[in-house]
Amino acid sequence: MPRGASPRREREAKKLERKFKKEKRYKGREDEVAARIVNKQRAKAGETKSAHKPAHRTTARRKHRTRHSTRNTSRSRSAKK
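Dropping the structure here:
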């Protein structure tokens, strides 16, 4: 675990590591996978310097979809008149 990780995150990583060993998943690299999972959670929660930010594409798609759906409804209204 990175130095900046809280004791809670370190416990979580150890728990994941034990779980992976028990389930025989990620053989030989359980600690690496557990650390990656915890690091992703830390970034998403904003606990790191470079916190995870939603991709620009996702918001652009959402705006695009909204624009098209409103445009289609206005066309259907004008067609009915």
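Here this note's numbering is used: position 56 in the sequence shown is 209, and no number is missing along the way.
For every residue, glycine included, the Cβ atom is placed at its ideal position computed from N, Cα and C.
Please read all numbers here as calculations on a predicted model, not as lab measurements.
Secondary structure of residue i, DSSP reduced to three states
i	result
Arg-156	coil
Glu-200	coil
Lys-193	helix
Lys-180	coil
Whole-angstrom C-beta distance between residue j and residue i, which should lie under 8 Å
i	j	result
Ala-187	Phe-173	7 Å
Glu-183	Glu-165	Contact flag wrong, Cβ pair sits at about 14 Å.
Val-191	Arg-156	Actually they are not in contact, since the Cβ atoms of Val-191 and Arg-156 sit about 13 Å apart, beyond 8 Å.
Short CB-CB distance (under 7 Å) between residue i and chain B
i	result
Gly-181	Here chain B cannot be found, since the structure has a single protein chain.
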